[in-house]
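Participant:
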Amino acid sequence: MLAQSSRETPFPGITYRHERRQDPPMRLFIAEVNLTNPRLNIRVVPGGPDPDGPGEWETTLMTPTRIAAREGFDLAVNGDFYRTAPEGWANVIGPAVSDRKRWSTSNKKRPCLVVRGRGQVSIEMIGKPANDMQQLIAGNVMLVENGKSVLRQNQDRHPRTAVGLNSKRTRLLILVVDGRSPSHSVGMRYDELADEMIRLGAKTAINLDGGGSSVMVLRDPGTQRLQVLNQPSDGQERAVANVLGITVGDGKLPPHQPPDPVPASRP
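71 is the number of the first residue of the sequence shown in the working numbering; add one for each residue after it.
1) Spell out a yes or no on whether the stretch 182 to 196 and the stretch 121 to 138 are touching, meaning 3 or more CB-CB pairs, one atom from each, closer than 8 Å.
2) How do the stretch 74 to 91 and the stretch 160 to 169 stand: do at least 3 beta-carbon pairs fall below 8 Å, yes or no?
3) In the stretch 219 to 250, which residue ranges form an unbroken beta strand (DSSP E) of at least 3 residues, counting only runs that do not cross its ends?
4) Could you tell me how far apart the beta carbons of S168 and V233 are, in whole angstroms, since I believe they sit closer than 8 Å?
5) So, V247 versus V147, is the Cβ gap smaller than 8 Å?
6) Between P165 and P199, which are expected to be in contact by the criterion C-beta below 8 Å, what is the C-beta distance as a whole number of angstroms?
7) Quick check on the DSSP output: the alpha helix (DSSP H) that includes A139 runs from which residue to which?
8) Which residues does DSSP list as the beta-bridge partners of F99?
9) Going by the DSSP bridge assignment, what does W173 pair with across the sheet?
10) What number of angstroms, rounded off, separates the C-alpha of G149 from the C-alpha of T175?
11) Among the candidates L110, F151, K179 and D304, whose CA atom is the shortest distance from the CA of G249?
12) From R227 to I112, what does the alpha carbon distance come to, in whole angstroms?
13) If you draw a straight line from the alpha carbon of P95 to that of S255, how long is it in whole angstroms?
14) For S237, count neighbouring Cβ atoms within 10 angstroms of its own Cβ and tell me buried if that reaches 16, exposed if not.
15) Per the DSSP calculation, P181 is bridged to which residue(s)?
16) Based on the DSSP secondary-structure assignment, which residues constitute the bridge partners of I276?
17) Does the Cβ of R97 have 16 or more other Cβ atoms within 10 Å, making it buried, or fewer, making it exposed?
18) What three-state label does DSSP hand R289 in the structure shown?
19) Which one of L243, G209, A264 and I207 has the shortest CA to CA distance from Q225?
20) Count the other CB atoms, across all protein chains shown, that sit within 10 Å of the CB of G117; report buried if there are 16 or more and exposed otherwise.
21) For V256, which residues does DSSP report across the bridge?
22) Could you check whether the stretch 272 to 279 touches the stretch 202 to 216, counting it as contact only if at least three pairs of C-beta atoms, one from each stretch, sit closer than 8 Å?
23) In terms of residues, what are the limits of the beta strand (DSSP E) holding A146?
24) Exposed or buried, which one is K273 when buried takes at least 16 other CB atoms within 10 Å?
25) Give me the Cα-Cα distance between G217 and I268, rounded to the nearest whole angstrom.
26) Just confirm the distance between the C-beta atoms of I316 and I84, as a whole number of angstroms; I'd bet it's less than 8 Å.
27) Would you list the residues sitting across from G315 in a DSSP beta bridge?
Take a look at the structure:
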């Protein structure tokens, strides 16, 4: 049952809405991105610097708001699943490309959101990224193929982050679902998440990292401050290995944006 829904367009080409549901309680945070907007830029960005050069680790964990502030993103969500070391060093499980730089590959093909030249966006199974891929971020499972839910045996409910494309690949659909709270939001199973992505218009969709990593960050167009829209299950943002970020305009950090903003959760 849909108890409450709000809708706004904070930036040209980005529409955001928040849905509250009951029985069971769920909170959904939805962003629809118009990929035909020529001023829109999609990027995949790692957290901190590579800590060991050619060694095992690829990046350093960092919270999404700090990454978004550094990169001037207007909208960002957490990215790939990752492994960590005690020092906060990390590597992503799947392949990854940032600004044409391939910084992770995978022996196993994984479902990926791919950006090529002229803003062409697709969802593909990738192991080793091709040279023409400008940005790439990976998930763990395909949720929707050819407009139909992909059957999954896993029935666990968790916080989730998913991305999908409509049939013409002109809209990027982003969904974050809170979870692990019986009164606030119980999370979703894979099949429920797939059904939601289809409802939003997805022809294809993949699951990104979830759990305590699931987060949606949006810049307030009035104050220019970054806000965490959902309520991460850890009680605060979790540092992650990479994010999917979107900028409308020139991508420059607003001059009065604090260098390390404190996120403010919306109710």
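Every residue gets a Cβ at the ideal spot worked out from N, C-alpha and C, and that includes glycine.
Facilitator: Let me lay it out:
1) Counting Cβ pairs under 8 Å, fewer than three are found: no touch.
2) no
3) Taking only runs of at least 3 residues, the beta strand (DSSP E) segments lying wholly in the stretch 219 to 250 are 230 to 235 and 241 to 247.
4) Residue mapping note: residue 168 aligns to position 98 of the sequence shown, counting from 1. Residue mapping note: residue 233 aligns to position 163 of the sequence shown, counting from 1. So it is not a contact: roughly 16 Å between Cβ atoms.
5) To locate residue 247, count along the sequence shown from 1; it is residue 177. To locate residue 147, count along the sequence shown from 1; it is residue 77. Cβ atoms of V247 and V147: not closer than 8 Å.
6) Stepping through the sequence shown from its first residue, residue 165 is reached at position 95. Stepping through the sequence shown from its first residue, residue 199 is reached at position 129. With a Cβ gap of about 5 Å, P165 and P199 count as contacting.
7) Residue 139 sits at position 69 when you count from the first residue of the sequence shown. Segment P134 to E141, the alpha helix (DSSP H) holding A139.
8) On the sequence shown, residue 99 is found 29 positions in, with the first residue counted as 1. Paired residues: H88 and V246.
9) Within the sequence shown, numbered from 1, the residue matching residue 173 stands at position 103. DSSP lists no partner for W173.
10) Mapped onto the sequence shown, residue 149 falls at position 79. Mapped onto the sequence shown, residue 175 falls at position 105. Straight-line Cα distance between these residues: approximately 15 Å.
11) Taking the first residue of the sequence shown as position 1, residue 249 is located at position 179. Nearest option by C-alpha distance: D304.
12) For the purposes of this step, residue 227 is taken as the residue at position 157 of the sequence shown. For the purposes of this step, residue 112 is taken as the residue at position 42 of the sequence shown. Distance between the alpha carbons of R227 and I112: 29 Å.
13) To locate residue 95, count along the sequence shown from 1; it is residue 25. To locate residue 255, count along the sequence shown from 1; it is residue 185. Just so you know, the alpha carbons of P95 and S255 end up roughly 5 Å apart.
14) Numbered from its first residue, the sequence shown carries residue 237 at position 167. Exposed: under 16 other Cβ atoms inside 10 Å.
15) Taking the sequence shown and counting its residues from 1, one reaches residue 181 at position 111. Looking at the DSSP assignment, P181 forms a beta bridge with M195.
16) As a first step, residue 276 must be located in the sequence shown, where it is residue number 206. For I276, the pairing in a beta bridge is given by DSSP as M212 and V233.
17) The residue given as residue 97 occupies position 27 in the sequence shown. Flag for R97 reads buried.
18) Against the sequence shown, residue 289 aligns to sequence position 219. In the structure shown, R289 sits in a strand (DSSP, three-state: E or B).
19) The sequence position of residue 225 within the sequence shown is 155, counting from 1. Checked all of L243, G209, A264 and I207; the closest Cα to Q225 is A264.
20) The count along the sequence shown starts at 1 and reaches residue 117 at position 47. The residue in question, G117, is buried, as its Cβ has 16 or more Cβ neighbours within 10 Å.
21) Locating residue 256 in the sequence shown gives position 186, counting from the first residue. V256 is not bridged to any residue.
22) yes
23) What you label residue 146 is simply residue 76 of the sequence shown in a count that begins at 1. Where A146 is concerned, the enclosing beta strand (DSSP E) starts and stops at L145 to N148.
24) For the purposes of this step, residue 273 is taken as the residue at position 203 of the sequence shown. When all chains shown are included, K273 counts as buried.
25) As a first step, residue 217 is located in the sequence shown; it is residue number 147 there, counting from the start. As a first step, residue 268 is located in the sequence shown; it is residue number 198 there, counting from the start. Taking the straight line joining both Cα atoms gives about 7 Å.
26) By one-based count along the sequence shown, residue 316 stands at place 246. By one-based count along the sequence shown, residue 84 stands at place 14. Contact between I316 and I84 holds, since their C-beta atoms are separated by about 7 Å, short of 8 Å.
27) By 1-based counting over the sequence shown, the position of residue 315 is 245. Partner(s): R113 and A146.
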